[in-house]
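Protein chains in written order, with our numbering: chain A, 1 to 191; chain B, 1 to 191. The beta-carbon is built from N, C-alpha and C at its ideal position, and this holds for glycine as well.
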């Protein structure tokens, strides 16, 4: 961030009066340009004992598998955003959604809210950001080829709850992935 | 938003290729300036059968009562943000927090996440953004002088759950307040 989006003057970084954090401030028009976390909304689409994953066509993590999810838009509710992402990335429509995981990713200034919901039909197809979409049973989840740690964590919570026969709402903080990590088939991290 | 914060050129508003929404786009450096909802985190501080409210020292709604809450900061978890706001606005420290209400306010591009938690002690004091802070029993809640509809809704859920003897996690969408509204003592809106 270099220039004031309001008046075009150069920005300086300092702690404004009454604040305790560095902000980008415009000394010409006095605008303080706050930066805040962004919210990602997505779904776990269910069909009987299987769930739908998308293989990413775009960076980051092109070629790896993920749950349909993306940035919440202005003017949109969280549930509408999650439905939109599911439609855009997986060509899929869901029945009633239930909030399932609300996760902090402070290292990249994101919040993830993942809903779970049954597919309305088995009609689905890859959108522009997906190479393919496919239903997976728990045994077939490509744990070694998941795009993001937050997706792995969400799926671990999901299958763990399913064994228990009840779904809770999960909260927690995702830590940055190490540059290299490997998963065993059971989804546990190994050094 | 008039100027590119990256290169300082004037911005135009158009739908980028592969998108379906109007964005602010820089034709000089090609940056797309996305705008997304911001997250507000806060708490319902409990002390026995009473809860702590703050009377606002600042606009909007100066002089009216609210729960401690404010924008989530980059690099911060939701629970840490809620604790920080409680400390800053009410000078109060809470025991374990539990997520209570996750609410959409699409008309102002905000998401509210409110936690509930017991005060660690009765030590509290108004911060710079508060005129006073005070414990209220349900019968004494100043329903006619609450700052925001989202605060009223959160409190309605809270007291309703408390009567039932169990706290759920509430989701839903807050609609814009009409310019004038009045509340009866029971917290129901009346024309």
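Residues in the segment 103-131 of chain B with C-beta within 7 Å of chain A's C-beta atoms, listed in sequence order? 104, 106, 109, 111 and 128
As a quick exercise: from A:109, A:25 and A:134, pick the residue whose alpha carbon is nearest that of residue 74 (chain B). A:109
Determine the direct distance from the alpha carbon of residue 86 (chain B) to that of residue 143 (chain B), and round the result to whole angstroms. 21 Å
Residue range of the unbroken beta strand (DSSP E) whose run includes residue 44 (chain B): 38-47
For the beta strand (DSSP E) containing residue 56 (chain A), name the first residue and the last one. 50-56
Measure from the alpha carbon of residue 151 (chain B) to the alpha carbon of each residue in B:57, B:113, B:11 and B:127, then state which is nearest. B:113
Taking the Cβ atom as the reference point for each residue, do residue 17 (chain B) and residue 43 (chain B) lie within a distance shorter than 8 Å? no
Out of A:138, A:105 and A:61, which has the shortest C-alpha to C-alpha gap to residue 159 (chain A)? A:138
Within its chain, find whatever has a CB closer than 8 Å to the CB of residue 22 (chain B); leave out the 5 residues flanking it on each side and keep chain order. 13, 14 and 15
Roughly how many angstroms separate the alpha carbons of residue 101 (chain B) and residue 68 (chain A), rounded to a whole number? 24 Å
According to DSSP, is residue 132 (chain B) part of a helix, a strand, or is it coil? strand
For residue 24 (chain A), the first and last residue of its enclosing beta strand (DSSP E): 23-26
Quick check on this structure: which residue in B:52, B:4 and B:36 has the alpha carbon closest to the alpha carbon of residue 25 (chain B)? B:4
What residues from the segment 153-168 of chain B come within 9 Å of chain A, judged by C-beta to C-beta, listed N to C? none
Cutting at 6 Å between CB atoms, please list the residues of its own chain near residue 79 (chain A), excluding the five before and the five after it. 97
Starting from the C-beta of residue 122 (chain B), find all residues in its chain whose C-beta is less than 7 Å away, skip the five residues before and the five after it, and write them out in chain order. 47
Between residue 130 (chain A) and residue 57 (chain A), how many whole angstroms is the CB-CB distance? I'm expecting something under 8 Å. 5 Å
Pull up the distance between the alpha-carbon of residue 163 (chain A) and that of residue 166 (chain B), whole angstroms please. 25 Å
Reducing DSSP to helix, strand and coil, say where residue 173 (chain A) ends up. strand
Flag residue 101 (chain B) as yes if its beta-carbon sits less than 8 Å from any beta-carbon of chain A, otherwise no. no
Helix, strand or coil at residue 90 (chain B) [DSSP, three-state]: helix
Could you give the distance in angstroms between the alpha-carbon of residue 11 (chain A) and the alpha-carbon of residue 94 (chain A)? 45 Å
Got a sec: is the Cβ-Cβ distance from residue 21 (chain A) to anything in chain B below 8 Å? yes
Secondary structure at residue 99 (chain B), three-state DSSP: helix, strand or coil? strand
Quick one: is residue 89 (chain A) near chain B, going by C-beta distance under 8 Å? no
The beta strand (DSSP E) spanning residue 116 (chain A) covers which residue range? 110-118
Taking CB distances under 8 Å as the criterion, tell me whether residue 72 (chain A) reaches chain B. yes
Specify the secondary structure class of residue 200 (chain B) as computed by DSSP and reduced to three states. The requested residue 200 (chain B) is not part of the displayed model; chain B covers only 1 to 191.
Are the CB atoms of residue 111 (chain A) and residue 60 (chain A) within a distance shorter than 8 Å? no
Starting from residue 155 (chain A) and walking both ways along the alpha helix (DSSP H), at which residues does that stretch end? 149-164
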